[in-house]
Ligand SMILES: C[S@@+](CC[C@H](N)C(=O)[O-])C[C@H]1O[C@@H](n2cnc3c(N)ncnc32)[C@H](O)[C@@H]1O
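Residue numbers (this note's numbering): 4 to 220.
Written out as structure tokens, the structure is:
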């Protein structure tokens, strides 16, 4: 699948590929309604649309919205791409599958940046500024039997993600883990991450986790 990413938009990376694999293996009902939260280039939205799903994608970045629309056109698929904050543009809607690769990198900032490429990864001091909101908001959007697939670094806490989704009534489990080498962002803040106890000085890789959560009733 050929995708373009306009400047400042997150180019698909290991986390995107891991979630795309989980999406590929998920059984979708005919005419499934799929939501991609934080769509970036639209990689996951396009992957779902290529499986015949009716797809809605959301991003807070205008450039990401344009990019995702462009990639939908290049793939000759109709995707509804909306600009807004997480699930706000689709509140009241329901979906068979929600996917998200949100910002999850811990860093020395109390709030996410208001603009710029770092909005794709910065997630506050514990890496959970967006993850905790997603765990609260997404369960409301799932139809009975609906599934949520989420990828993030284990550095930002697999246990609170599973606990948050279970507290919202979902059956949640870790589907997959993969070790990936630190990218430039983690390398650039390795001493801060060491001071805060996230990593050790000699660490060179982090673990990504794919979480699957299902609304059983
Ligand atoms: C890690 S990137 C993932 C992009 C794409 N889904 C992928 O897997 O390649 C995270 C995306 O979330 C978007 N984002 C950040 N904060 C957001 C928010 N509050 N609401 C919606 N999207 C947000 C960013 O603009 C970025 O495109």
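Just so it is clear, CB atoms sit at the ideal spot from N, CA and C, and this is done for glycine as well.
Member of 17, 23, 38 and 63 whose CA lies at the smallest distance from the CA of residue 145: When only C-alpha atoms are compared, the closest one is 38.
Report the residue ranges of all alpha helix (DSSP H) runs contained in full by the segment 159-194; include only those spanning at least 4 residues, in chain order. Qualifying alpha helix (DSSP H) stretches, in chain order: 161-170 and 187-191.
Quick one: does the C-beta of residue 204 sit closer than 7 Å to a heavy atom of ligand 1? Not so, every heavy atom of ligand 1 lies at least 7 Å from the Cβ.
May I ask which residues mark the beginning and end of the alpha helix (DSSP H) holding residue 27? In the DSSP annotation of this structure, the continuous segment of the alpha helix (DSSP H) that includes residue 27 starts and ends at 17-28.
Hey, would you say residue 251 sits closer than 8 Å to residue 122, going by beta carbons? Within the shown structure, residues of the chain are numbered from 4 to 220, placing residue 251 beyond reach of any answer.
By DSSP, does residue 142 sit in helix, in strand, or in coil? When DSSP states are grouped into helix, strand and coil, residue 142 belongs to the helix group.
Figure out for me which residue from 45, 179 and 173 has the closest Cα to the Cα of residue 157. The candidate whose alpha carbon is nearest that of residue 157 is 179.
Taking 8 Å as the threshold (C-beta atoms), are residue 72 and residue 84 in contact? Taking 8 Å as the Cβ cut-off, residue 84 and residue 72 qualify as a contacting pair.
Does the beta carbon of residue 103 sit closer than 8 Å to a beta carbon anywhere in chain D? Here there is only one protein chain, and chain D is not present.
Alpha carbon to alpha carbon, what distance is there between residue 79 and residue 159? Taking the straight line from one Cα to the other gives about 36 Å.
Any idea if residue 220 is buried or exposed, counting beta-carbon neighbours within 10 angstroms, 16 or more meaning buried? With fewer than 16 other Cβ atoms within 10 Å, it is exposed.
Pairs of beta-carbons, one from the segment 186-206 and one from the segment 163-170, closer than 8 Å: are there three or more? As far as the Cβ criterion goes, the segment 186-206 does not touch the segment 163-170, which means the pair count is below three.
Would you identify the three-state DSSP class for residue 66, choosing helix, strand or coil? If DSSP states are grouped into helix, strand and coil, residue 66 belongs with the helices.
Whose C-beta lies closer than 7 Å to the C-beta of residue 34 among residues of the same chain, with five residues either side of it excluded? Only 57 meet the Cβ criterion.
So, at 6 Å on beta carbons, what are the nonlocal neighbours of residue 174 in its own chain, with the 5 sequence-adjacent residues on each side left out? Contacts found: 217 and 219.
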